[in-house]
Ligand code: GLY
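In mature numbering (1 follows the signal peptide of the UniProt record, and there is no 0), the protein residues as written are -26 to -1, 1 to 316.
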């Protein structure tokens, strides 16, 4: 079943086809947002539009895609009203806000932090892991010590709002990671999960700069009320994010366990290598998730975004409700993704 999602709750600034110059735009399994070598950034969800502003400030002035994606995702990381990323993120079931993030550049360099606490910008720590250590991943206390040794300041990331929501959740302690599925699958009376079903997501961002180089970043506080120590897909290179400067880049949002199972972002990039357009590649990856767990797939959300070397972009999700944000010289737009289920 493949239907276009009913567009709810995101702003669409005009039609991309109207905004784009003739011959520079096509919808055929992916929007062509920029000619090869023209800067473009795309990110998950409607809040990606604000994050794209930070990235675009870098790209529009000739900056590197790596700097752009770091600057972009730092915006939701610092936004306490976003309860799924960075400061203000919902905690695990023991009340700890633990963050996962990774970053990857055009030279296959990558860095990642897992289960990092008390640091507002895990993406910048991930970048330092990439640039200043011989390693790719630092986790937990080791990641925190590394951050502090490099000048990051400690901050309590659990805001009053997230603490209140967590305490409310403790009354039932029901762990049910249905996320970002439209209300038809969420009955508040029988399934109370404050801040949960409509509110778990991740920012994944991929960008191409004026030199045609591609980078990506992905950062999250992960599933609300997860087990302490749980790590999702977001900091796992190949799962939450993958960049291959010859082909393109992809990132994921949604239930990380399902993304890891298929090494989702790497799969999307390999499908683009075989010639699929970004949206088609994202769709195939979503279909793989359905094949691997038909029953599981009905009650969870997973979404992918992708960018290819030609500057074409696309996204696709399991459930209706996913959108992605694109910024280029031609458009600045939130796009509702097609979904597998209607
Ligand atoms: N995709 C984010 C997570 O599962 O933690």
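Glycine included, C-beta positions come from ideal geometry on N, C-alpha and C.
Only a predicted model underlies this, so the values are computations on that prediction, with no experimental measurement involved.
Ligand 1 heavy atoms versus the CB of residue i: any closer than 7 Å?
i           : result
residue 64  : no
residue 197 : yes
residue 72  : no
residue 176 : yes
residue 222 : no
residue 295 : no
residue 208 : yes
residue 86  : no
residue 299 : no
residue 237 : no
residue 229 : yes
residue 24  : no
residue 214 : yes
residue 194 : yes
Buried or exposed: where does residue i fall if 16 or more other Cβ atoms within 10 Å of its Cβ makes it buried?
i           : result
residue 266 : exposed
residue 91  : buried
residue 20  : buried
residue 199 : buried
residue 18  : buried
residue 207 : buried
residue 203 : exposed
residue 109 : exposed
residue 288 : buried
residue 124 : exposed
residue 216 : buried
residue 253 : buried
residue 66  : buried
residue 132 : buried
residue 249 : exposed
residue 176 : buried
Is the beta carbon of residue i sitting closer than 8 Å to the one on residue j?
i           : j           : result
residue 80  : residue 189 : yes
residue 223 : residue 184 : no
residue 15  : residue 26  : yes
residue 121 : residue 97  : no
residue 28  : residue 45  : yes
residue 313 : residue 299 : no
residue 84  : residue 113 : no
residue 227 : residue 178 : yes
residue 39  : residue 182 : yes
residue 259 : residue 236 : yes
residue 58  : residue 194 : yes
residue 230 : residue 214 : yes
residue 140 : residue 73  : no
residue 86  : residue 268 : no
residue 297 : residue 309 : yes
residue 244 : residue 276 : no
Please confirm if residue i has its CB atom under 8 Å from at least one CB of chain C.
i           : result
residue 136 : The displayed structure is made up of one protein chain only, and chain C is not part of it.
I'd like to confirm something about residue i: is its beta-carbon nearer than 7 Å to some heavy atom of ligand 2, or not?
i          : result
residue 60 : For the structure depicted, ligand 2 is absent and the ligand set comprises only ligand 1.
* **Ranges of the beta strand (DSSP E) found wholly within the stretch 65 to 151, counting only runs of at least 3** => 73 to 78, 84 to 90 and 111 to 113
* To do: Go through the stretch 218 to 258 residue by residue and report every complete run of the beta strand (DSSP E) that reaches 3 residues or more, in order.
  => 222 to 228
* Asked: What are the start and end residues of each continuous beta strand (DSSP E) run of 3 or more residues lying completely inside the stretch 5 to 50, in chain order?
  -> 14 to 18
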